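**Q** Here it is, the structure in full.
Residue numbers (this note's numbering), protein chains in the order written: chain A, 1 to 464; chain B, 1001 to 1068.
Right, here's the structure in full:
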C-alpha cells in the first residue's frame, strides 16, 4: 500500500494530504514543522477540535515513520475521512452562510489564543451532514502583533460576494462560482450593484471602496506598494472588529425572497397522497433491506424521501437537486432535526465536472464516490422528456450512481407529462415502459416492480 | 453625514475605470483594512473615552448619594 497524494492538495508547500487504504493522512513537511510545533505547543489543535471548529486529527507519526523514511516528511497526521466531499458552488445560500460564519467564529476563537488562519478558502470547509467543519490544519498559524488579515480579500470573494449576489439581487451564485473557483470578484459585484444597494455603509466599504482601491492599485502598483509600506500596523482590536463587523453583517443576510416553481413541490405536486404513502413504504422497505452507509437521493427536493430512508436504516443520505430554494429548505430541515442528511446542488444536465488545476483539483459528480444505494423518484422524465436525453443513456447514467436503487417511471399518460409535452409535442417514440425496463435489464436485475398509480411504476434494481 | 457619503459615492462612480491585473488583488484589501482599522480604533478610543466620562459622573453622583 502506497501513500497517494490527493490531487487537490498542493497549494501549501508546508504539507499535503495523502490517502492510503481509505485513510486520510496529512504529511507535514520540513518547512511546515515549525508551524505545527507551535500549534502543538499551545494546544490549539486539541482545543479547536473540542470546540467543533476543526476536523478530528491525531498524530500517527510513529506508525508512518516506520514504513516511510522520507527525511522531508516531519509529521504524519490522520484526519477523519469524510463520507462525501462537497464544494462551495454546490451549497445553497444557508450552507454558504453557515460556512462563512464558521470561518469567522473560528478566526475569532483563534485570535483570542494568538493564532490566525493564513487564508480564507471556502474549500477548506466541508459539511458533515448539516454542520460545517474546518479541514485544513496547516492554515492555522501564529498571530504576530500588527499583522493584517491576509485572507480578507479571499474571504470576500469566496464567501461574502456570492452571498450578496443572492441576497441583494436574487441571483444564484452557483454556476458563476463553478466557472471561477476563486469566487466572485469584488470589482465584478460592484458593477452589478445599484445606487440603492450602495447606500449601505457596509456595501460602500467592503464592495465599492475595495473595488476602487483595487482598480487604482492596478493602474499604479508602485504607489500602492508605497502606501502599504507607510501604513501603520493593524492592532489586534482592529483585526477583531473587522471580523466582528463581517460576522454581524453576514448573520443578518437572507436570500432575496423569490419563489421558484419548485418551491412548494412537496406540498403542491400532482401526486395523490395515496401514491406518496406507497412510495414512502417502498423506500422504507428498501432502506431496511440494504441499510446503506451512503445513499444518494437524486432529485431530493426538500428531502421527504431522504428522511424516510434515514428513519428506515440508511446511515447517511446525500440529496441532489437543481432547485436551490428546495435545497435551502432541505438544509434548514436537516439542521433543525439534526439529520444525517446533506443536500447539495446538482444540475444533472450539466453536473459538476473535474475542475481546477490539471482538471483534478475538484472532482466531478461521478468521480467523487460510488454510493451504496440510490433513489430517484419523479426524476427520470426531467432528463428524458424535458431535456431530450435518450432513454438508454438516461438509464445508464442513473445505474452508474449505485449498485442498488429505486427509480420511478412516469408514463406519457400522466398529467405532469401531458403538461410537459403540451407545447413540445410527443417527439419521443422510444419513451415507454417497455424500453425503460429493457434498458435496466441490460445492466441489472429488477428485484421489484410496483404499480403505484395508473401512470407511475417504481422499479427496484440491483446489479449483484 | 449623508451628503458626505453621497459625495464619496459619486467620486467612486466617476472613477470606476477598467484596469489590468499587474498587482496582487490583496493590496486593496490591506489599504482597506488600514482604513477600517483606523475607524475601528477611533471608535474604540471614543467608546473608552465615553465610558470614562460616564464613570466619572457616576462616581460623583455616588459620592453625593453616600453623603446623603
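Don't be surprised by glycine CBs; every beta carbon is placed ideally from N, CA and C. Small disclaimer: the values here were computed from a predicted structure and weren't measured.
(1) Could you check the C-alpha separation between residue 403 of chain A and residue 181 of chain A for me, to the nearest Å?
(2) Pull up the distance between the alpha-carbon of residue 174 of chain A and that of residue 164 of chain A, whole angstroms please.
(3) Within the same chain, show all residues whose beta-carbon is closer than 6 Å to that of residue 443 of chain A, passing over the 5 residues directly before and after it, in chain order.
(4) For the alpha helix (DSSP H) containing residue 439 of chain A, list its first residue and its last residue.
(5) Between residue 250 of chain A and chain B, is the shortest Cβ-Cβ distance under 7 Å, so that the two count as touching?
(6) With 9 Å as the limit, tell me which residues of the segment 1027 to 1061 of chain B have their beta carbon closer than that to any beta carbon of chain A; keep them in chain order.
(7) Against residue 236 of chain A, what residues of chain B qualify as contacts under a CB-to-CB distance less than 8 Å, listed in chain order?
(8) Pairs of beta-carbons, one from the segment 331 to 346 of chain A and one from the segment 111 to 131 of chain A, closer than 8 Å: are there three or more?
(9) Assuming residue 123 of chain A and residue 53 of chain A form a contact by the criterion Cβ under 8 Å, report the distance between their Cβ atoms to the nearest whole angstrom.
(10) List the whole-angstrom C-beta distance separating residue 340 of chain A from residue 316 of chain A, where the pair is believed to meet the contact cut-off of C-beta under 8 Å.
(11) For the segment 146 to 160 of chain A, enumerate the residues whose C-beta is nearer than 7 Å to any C-beta of chain B, in chain order.
(12) Relative to the C-alpha of residue 401 of chain A, which residue among A/322, A/428 and A/370 is closest?
(13) If you count every other CB in all the chains shown that lies within 10 Å of the CB of residue 374 of chain A, and 16 or more means buried, which is it?
(14) So residue 84 of chain A and residue 342 of chain A are in contact, right, with Cβ under 8 Å, and what is the actual spacing, rounded?
(15) Could you check how far apart the C-beta atoms of residue 162 of chain A and residue 143 of chain A are, in whole angstroms? I think they sit under 8 Å.
(16) So is residue 217 of chain A in contact with chain B if we call contact Cβ pairs under 7 Å?
(17) Give the DSSP-derived three-state secondary structure of residue 428 of chain A in the structure shown.
(18) Any contact of the segment 12 to 31 of chain A with the segment 73 to 92 of chain A, i.e. 3+ C-beta pairs under 8 Å?
(19) Give the residues from the segment 92 to 120 of chain A that approach chain B closer than 9 Å (Cβ to any Cβ), ordered along the chain.
(20) Against residue 254 of chain A, what residues of chain B qualify as contacts under a CB-to-CB distance less than 9 Å, listed in chain order?
(21) Between the C-alpha atoms of residue 1049 of chain B and residue 169 of chain A, what's the straight-line distance to the nearest angstrom?
(22) Could you check if residue 293 of chain A belongs to the surroundings of the ligand GDP, using beta carbon to heavy atom distance under 6 Å?
(23) Could you check what DSSP says for residue 16 of chain A in three-state terms: helix, strand or coil?
(24) Beta carbon of residue 384 of chain A, beta carbon of residue 431 of chain A: below 7 Å?
(25) Step through the CB atoms of chain B and report whether any lies within less than 7 Å of the CB of residue 247 of chain A.
(26) Compare the Cα-Cα distances from residue 393 of chain A to each of A/367, A/348 and A/417 and report the closest residue.
(27) Could you pull out every residue in the same chain whose Cβ sits closer than 8 Å to the Cβ of residue 346 of chain A, ignoring the five residues on either side in sequence?
(28) Leaving out five residues on either side along the sequence, give the residues of the same chain with a beta carbon under 8 Å from the beta carbon of residue 390 of chain A.
(29) Give me the Cβ distance between residue 376 of chain A and residue 417 of chain A, rounded to the nearest whole Å; I'm assuming they're in contact under 8 Å.
(30) Please confirm if residue 196 of chain A has its CB atom under 7 Å from at least one CB of chain B.
(31) Can you tell me which of the three DSSP states residue 147 of chain A falls into?
(32) Where do the ends of the beta strand (DSSP E) carrying residue 65 of chain A lie?
(33) How long is the line joining the alpha carbons of residue 415 of chain A and residue 252 of chain A, rounded to whole angstroms?
(34) How would you call residue 1055 of chain B, buried or exposed, if buried means at least 16 neighbouring beta carbons within 10 angstroms?
(35) Roughly how many angstroms lie between the CA atoms of residue 186 of chain A and residue 67 of chain A, to the nearest whole one?
(36) Under the DSSP definition of a beta bridge, which residues are partnered with residue 450 of chain A?
**A** Looking at the coordinates:
(1) When the Cα atoms are used, residue 403 of chain A and residue 181 of chain A turn out to be separated by approximately 32 Å.
(2) 13 Å
(3) 399
(4) 433 to 441
(5) Chain B, which has no Cβ nearer than 7 Å to the Cβ of residue 250 of chain A, makes this no.
(6) Taking 9 Å as the cut-off between beta carbons, the residues of the segment 1027 to 1061 of chain B near chain A are 1027, 1028, 1029, 1030, 1031, 1032, 1033, 1034, 1035, 1036, 1037, 1038, 1039, 1040, 1041, 1043 and 1044, in sequence order.
(7) Ordered by position in chain B, no residue passes the 8 Å Cβ test against residue 236 of chain A, which lies about 10 Å from the chain.
(8) Contact between the segment 331 to 346 of chain A and the segment 111 to 131 of chain A is present, because at least three Cβ pairs lie under 8 Å.
(9) Not quite, the Cβ-Cβ distance comes to about 16 Å (not below 8 Å), so this is no contact.
(10) Correct: roughly 4 Å between the Cβ atoms.
(11) Within the segment 146 to 160 of chain A, the qualifying residues are 148, 149, 152 and 153.
(12) A/370
(13) buried
(14) 6 Å
(15) That belief does not hold up - the Cβ atoms of residue 162 of chain A and residue 143 of chain A are roughly 28 Å apart, past 8 Å.
(16) yes
(17) coil
(18) By the criterion of at least three beta-carbon pairs nearer than 8 Å, the segment 12 to 31 of chain A is in contact with the segment 73 to 92 of chain A.
(19) none
(20) Chain B residues near residue 254 of chain A: none, gap ~24 Å exceeds 9 Å.
(21) 41 Å
(22) Looking at this structure, you won't find the ligand GDP or any other ligand, since it has none at all.
(23) In the structure shown, the three-state DSSP call for residue 16 of chain A is strand.
(24) yes
(25) no
(26) A/348
(27) 90, 298, 320, 321, 322, 352 and 365
(28) 384 and 430
(29) Contact doesn't hold; Cβ gap of about 16 Å is too wide.
(30) no
(31) coil
(32) Here residue 65 of chain A belongs to no beta strand (DSSP E); instead the alpha helix (DSSP H) covers 61 to 67.
(33) Roughly 42 Å between the two C-alpha positions.
(34) exposed
(35) When rounded, the distance between both Cα atoms is 47 Å.
(36) Answer is A/458.
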